[in-house]
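Residues in the sequence shown are numbered from 1 upward in steps of one, following the UniProt record's numbering.
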Amino acid sequence: ACRALVDELEWEIAQVDPRKTIQMGSFRINPDGSQSVVEVPYARSEAHLTELLERVCEKMKDYGEKVDPSTHRKSYVRVISHDGTKMDLSGVKIDGDVASSLKFAVRAGNRCGFRGSLGSVADLHVVLLQCESIAEEYEDELIEFLSHEADNVKDRLCSKRTDLCDHALHLPHDEL
C-alpha cells in the first residue's frame with residue numbers, strides 16, 4: 001500500500017495549478033513594520049499535503065491485485081484510470097477483499113503493497129489500518145519527501161527510509 005499511497009499523492013499534487021500559491025510564515029508585524037510572510041507553491045505545501053493525507057486512502061477502492069508471472073509477487077495496481085482511459089487489466093484480481101486489504105486490514109510487516117500467501121483478509125492474524133496507518137505513522141516522512149520535487153520517491157520512502165518494501169528496490173518504475 002505504501003507504493004500505491006505515494007502514487008496517489010503524486011498524482012494529486014500534479015493536478016494542482018502550478019501558479020497557485022499559499023502564504024507561509026509569521027503574520028506578526030516586526031518592529032520595523034514588516035512581516036515575514038512568503039508565498040510558496042500550494043501543491044507541495046504542508047497544508048495541502050496534510051489535506052491530501054486525510055483523504056487519499058479513499059482512492060484504494062480503485063485498485064486491484066496483480067501477480068507478476070516471473071516473481072509470483074502480488075502488487076496493487078490501479079484498475080480505474082484517473083482520466084477514464086482504457087486500462088490493461090489482464091491478470092488483475094478485482095474484488096472487495098483487495099480494496100479492503102489495501103484500505104483496512106493486513107498483517108504487520110506487509111504494508112508495501114504486496115501480500116504473502118496467507119490468502120484472504122479473513123485469514124490474517126493481526127488487523128491494521130494499512131493505508132491509513134502508513135499515512136499516519138509516516139506522515140512526517142511523506143510530507144518531507146513530497147514537499148520537494150524528487151525522483152524515485154516510492155523507492156526512497158517505501159524502501160530506504162521506512163523498510164516497508166525492501167524487495168521493491170528491484171521493481172521497474174511505473175508512470176502514472
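The beta carbon of each residue, even a glycine, is placed where N, CA and C say it ideally should be. What you are looking at is a predicted structure, and each value in this text was computed from that prediction instead of being measured.
- Contact between Leu9 and Val77 does not hold, since their C-beta atoms are separated by about 16 Å, which reaches or exceeds 8 Å.
- Of all alpha-carbon atoms in Arg44, Phe27, Tyr63, the one lying nearest the alpha-carbon of Val38 is that of Phe27.
- Val16 is positioned such that its CB atom lies closer than 8 Å to that of His48.
- For a cut-off of 8 Å, the C-beta gap from Phe145 to Leu157 is around 5 Å, short enough to register as a contact.
- With distances taken between CA atoms, Glu12 lies nearest to Leu52 out of Leu52, Asp151, Val67.
- For Gln130, the enclosing alpha helix (DSSP H) starts and ends at 130-137.
- Close CB contacts of Arg161 within its chain, under the 7 Å cut and outside five residues either way in sequence, are with Glu141 (chain order).
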